[in-house]
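Novice: In the numbering used here, each residue's number is its place in the sequence shown (first place is 1) plus 53.
The following block contains the structure, expressed as structure tokens.
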Amino acid sequence: MKVTFQKVKTEHHILPEFKKLLLTIEKHPHIHRIIPGRINRQQKGSSELLFKISYPTPSGIKCIMSKGSTAQELFVICGEENIPEISLFIQEQAAKYLALYR
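Shown next as structure tokens:
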């Protein structure tokens, strides 16, 4: 199944387990762009899916997606005034999505 994103930059691959979550997150009207970073290997890992908001940046929010020993940064670009609202929206959507995998 080919996934078509509207706001997600697809220069780098995206961890396949998170594509449906990103499709949901990108629907928020105040999110301008979602930029996934490179996929990195960690020394230790859990087979669980994890999604965490790391911190706000001047241009939006930095998040981490991980599964097993693989992790990927995710940058959500939005207006500075919308960061609290979007952070809450992302946390709610991620919690719903990850609950399906537990």
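Just so you know, even glycine gets a beta-carbon here, dropped at the ideal spot from N, CA and C.
Given the structure is predicted, the values throughout are model-derived calculations rather than measurements.
Thinking residue 116 and residue 122 are a contact (beta carbons under 8 Å), I'd like their distance in whole angstroms, please.
Specialist: At roughly 18 Å, the Cβ-Cβ gap does not stay under 8 Å, so residue 116 and residue 122 are not in contact.
Novice: Measuring CB to CB, does residue 87 end up less than 8 Å from residue 74?
Specialist: Taking 8 Å as the Cβ cut-off, residue 87 and residue 74 do not qualify as a contacting pair.
Novice: Quick one: grab the DSSP three-state call for residue 107.
Specialist: In the structure shown, residue 107 sits in a strand (DSSP, three-state: E or B).
Novice: Using only the alpha-carbon positions, how far apart do residue 83 and residue 100 sit?
Specialist: Residue 83 and residue 100: Cα-Cα distance of roughly 32 Å.
Novice: For residue 69, which three-state DSSP category applies?
Specialist: Here residue 69 sits in helix by DSSP.
Novice: Please give the ranges of any beta strand (DSSP E) in the region 72-138, keeping only runs that are unbroken, at least 3 residues long and fully inside the region.
Specialist: Counting whole runs of 3 or more residues, the region 72-138 contains the beta strand (DSSP E) stretches 84-110, 113-131.
Novice: Name the residue from 68, 90, 57, 145 whose alpha carbon lies nearest to the alpha carbon of residue 129.
Specialist: Per the Cα distances, 90.
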